[in-house]
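> Provided herewith is a single structure, encoded as structure tokens, for subsequent inquiry.
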Amino acid sequence: MGPRTVLLAAVAAITLLAPACGGPDATTGSTEAAGTPAASASAPAAAGTGTATETAAAGGATLEIRDLTFPALTVPAGTTVTVSNADSAKHTVTADGGEFDVEAPPGESPTFTAPAEPGEYAYHCEIHSTMTGTLTVE
């Protein structure tokens with residue numbers, strides 16, 4: 075195999091693998107109410123913006139981390155929120171004010187309880203500073 079063939083193979087591999095790394099053009103995954111299809115979603119958000127919104131059913135909610143992105147999520151007070159990490163990297167879901175904090179290793183689905191007090195709770199990933207979102211408690 076000549077140097078030109080090796081170079082072309084390397085460029086092809088990089089081109090195919092680079093989108094898997096996520097980045098500013100990545101879109102959010104969906105969140106779903108536990109056991110029901112996704113409810114009232116808006117358009118996807120760019121990575122880390124947290125502008126996609128889902129409304130949860132009273133029984134529980136799922137916050138899906140995908141492509142280094144958190145969606146915004148609306149839940150009733152005291153709802154059990156399941157964090158579904160579809161990425162290959164470990165993340166945290168950490169409220170800026172300390173109301174909740176959970177580690178989400180790849181492929182795992184830990185849970186936390188939404189605050190009892192209605193309001194908007196900004197959250198972030200302690201590992202990836204560009205990942206932010208908002209939990210709205212009704």
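Residue numbers (the working numbering): 75 to 212. Virtual Cβ for every residue (Gly too), placed ideally from N, Cα, C.
#1: Considering only the beta carbon of each residue, do residue 175 and residue 187 sit closer than 8 Å?
#2: Thinking C-alpha only, which one of 212, 197 and 149 is nearest residue 205?
#3: Buried or exposed, going by whether 16 or more other CB atoms sit within 10 Å of the CB of residue 185?
#4: So residue 180 and residue 158 are in contact, right, with Cβ under 8 Å, and what is the actual spacing, rounded?
#5: Kindly indicate which three-state DSSP category residue 202 falls into: helix, strand or coil?
#6: By how many angstroms is the C-alpha of residue 203 removed from the C-alpha of residue 129?
#7: Using beta-carbon positions only, say whether residue 193 and residue 145 come within less than 8 Å of one another.
#8: Reducing DSSP to helix, strand and coil, say where residue 173 ends up.
#9: Given a threshold of 16 other Cβ atoms within 10 Å of its Cβ, counted over all protein chains shown, does residue 170 qualify as buried or as exposed?
#10: DSSP beta-bridge partners for residue 196?
According to the structure data:
#1: By 1-based counting over the sequence shown, the position of residue 175 is 101. By 1-based counting over the sequence shown, the position of residue 187 is 113. Against a cut-off of 8 Å, the Cβ pair of residue 187 and residue 175 comes out as no contact.
#2: Position 131 of the sequence shown, counting from 1, holds the residue named residue 205. With distances taken between Cα atoms, residue 205 lies closest to 197.
#3: As a first step, residue 185 must be located in the sequence shown, where it is residue number 111. When all chains shown are included, residue 185 counts as exposed.
#4: Reading the sequence shown from its first residue, position 106 is the one you call residue 180. Reading the sequence shown from its first residue, position 84 is the one you call residue 158. 11 Å between Cβ atoms; not a contact.
#5: If you number the sequence shown from 1, residue 202 lands on position 128. Residue state, collapsed to three classes: coil.
#6: On the sequence shown, residue 129 is found 55 positions in, with the first residue counted as 1. On the sequence shown, residue 203 is found 129 positions in, with the first residue counted as 1. Because the pLDDT of residue 129 is 46, which lies under 50, any placement of that residue in the model is unreliable, and the question is left without a value.
#7: Here residue 193 refers to the residue found at position 119 when the sequence shown is read from its first residue. Here residue 145 refers to the residue found at position 71 when the sequence shown is read from its first residue. No, the pair does not count as a contact, with Cβ atoms beyond the cut-off.
#8: Within the sequence shown, numbered from 1, the residue matching residue 173 stands at position 99. Residue state, collapsed to three classes: coil.
#9: The residue labelled residue 170 in the question sits at position 96 within the sequence shown. Looking at its Cβ environment, which holds fewer than 16 other Cβ atoms inside 10 Å, residue 170 is exposed.
#10: Locating residue 196 in the sequence shown gives position 122, where the first residue counts as 1. Answer by DSSP bridge pairing, in chain order: 208.
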